[in-house]
Amino acid sequence: MRGSDESRRSCLSVPGSSPRFLAKAQVLDADQVLLDLEDAVAPDAKDDARAHVITALTAGDWGSKVITVRVNGATTRWAYRDVIDVVEQAGSHLDTITLPKVTGPDQMAWLDLLLGQVEQAAGLPERGIGIEAQIEDARGLAAVEQIAGSSPRLEALVFGPADFMASLGMRSLQIGAQPPDYAGGDAFHYPHLRMLVAARAHGLQAIDGPYAAVADSDGLRRSAASAAALGYDGKWVIHPGQIDIVNAAFSPDQASYDRAELILDAYEYYTTVERRGAVRLDGEMIDEATRKLALVAASRGRAAGLTRTSRFHPPE
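For what it's worth, this note's numbering labels the leading residue of the sequence shown as 12, then goes sequentially.
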């Protein structure tokens, strides 16, 4: 079972109604693939899309990717059938269920309970399937702290910019981009930071939503870099051409990774051999707080497959 420590730098959203896109997604370099039964599927195509997703899960080769299915919202007429059919028929190939438009912990409790019942009926491991909660409107953000602590299955909180922008009445038609006339800085800083604090308080990952202007690589790069700098673990993508940009944004560069590993080695040496809690390394003080920052950067570098190019050498 993958957990909240798995790499989710890029999460490729794929319409469940397209067998061609579902097949193509298996060979792309996204860390995570989301097979979508919700907004990317027309109401009359829901049943067919569910069947396509089950086939893709059971017959496809997804390698080491984190695989999630976004079911329809808990208050819709499709949600219960999405969960039952997908988990009964393909649950052993599934890592998480993404629940969209989460507005409170009651919806998480519903999904947790239903998953447990279906797992029992299908002979699957108890709590073998995780949950990702998508926060998409003002009600969801207002309750995000309660949502974050609502289920032991929960692995990540995901920001949904389109519905969130609509729920607030933002004057924009560009999903994930700053409103064109907004002069106050980052219009998404407050929801991003509030979600991040709630996620970290409960040991969860925080994932940013998509940037819909597929041709605007510079805009995507800025959006991804901003979320990564804040502390987010990854971002949704809606086109294969966005994957490399987002993977790069959420991976430390080689110099930063080497520096993080150096700090960890140096701190280990000075605290255990010389028994000092704060020392200077290359003109900079390092202590326990520095170690915590370095541990985050080093962990992300390792997850991205980076290898060290330098080593710490204790003083003579």
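Here a beta-carbon is modelled for each residue, glycine too, at the ideal position from N, C-alpha and C.
Own chain, CB closer than 6 Å to residue i, minus 5 neighbours either side, in chain order
i            : result
threonine 66 : none
lysine 112   : Gly84, Glu147
arginine 232 : Ile256
leucine 126  : Ile140
proline 202  : Leu152
alanine 41   : Ser21, Leu23, Ile254
alanine 315  : Ser262
Three-state secondary structure assigned by DSSP to residue i
i             : result
lysine 246    : strand
glutamine 43  : strand
valine 307    : helix
aspartate 174 : helix
leucine 184   : coil
alanine 217   : strand
proline 202   : helix
proline 54    : helix
histidine 324 : coil
serine 75     : coil
proline 116   : helix
tryptophan 6  : The requested residue 6 is not part of the displayed model; the chain covers only 12 to 327.
glutamate 137 : coil
glutamate 147 : coil
threonine 66  : helix
alanine 210   : helix
alanine 159   : helix
Minimum Cβ-Cβ distance from residue i to chain B less than 9 Å
i          : result
valine 155 : No chain B appears in this structure, which consists of one protein chain only.
Beta-carbon contacts of residue i that lie in its chain and below 7 Å, excluding the five residues immediately before and after
i             : result
proline 191   : Ser183
alanine 133   : Val98, Glu99, Gly102
proline 26    : Phe32, Asp47, Ala51, Val52
glutamate 272 : Ala309, Arg319
alanine 90    : Val82, Asn83, Gly84
glutamate 17  : Val77
For residue i: DSSP bridge partner residues
i           : result
proline 26  : Asp47
serine 21   : Lys246
valine 80   : Leu46, Ile108
leucine 165 : Ile142
Exposure label - residue i; buried when at least 16 CB within 10 Å
i              : result
glutamine 157  : exposed
leucine 10     : Nothing in the structure corresponds to residue 10, since the chain is present only between 12 and 327.
lysine 246     : buried
histidine 324  : exposed
valine 77      : buried
glycine 312    : buried
threonine 79   : buried
glycine 151    : buried
methionine 119 : buried
tyrosine 278   : buried
histidine 200  : exposed
valine 248     : buried
methionine 12  : At methionine 12, the pLDDT of 36 sits below 50, so the modelled position is not reliable and the matter cannot be decided from this model.
serine 321     : exposed
arginine 270   : buried
valine 169     : buried
glutamate 143  : buried
proline 326    : exposed
leucine 165    : buried
Close beta carbons around residue i, own chain, < 8 Å, minus the five adjacent residues each side
i              : result
tryptophan 73  : Gln37, Val44, His104
serine 234     : Gly187, Ala188, Asp219, Tyr222, Lys246
leucine 39     : Leu23, Pro251, Ile254
methionine 296 : Ala289, Val290
- request: Just list the beta strand (DSSP E) runs in the stretch 258-315, keeping only unbroken ones of 3 residues or longer that don't cross its boundaries, in chain order.
  value: Within the stretch 258-315, the runs of beta strand (DSSP E) at least 3 residues long that lie entirely inside it are, in chain order, 290-292, 295-297.
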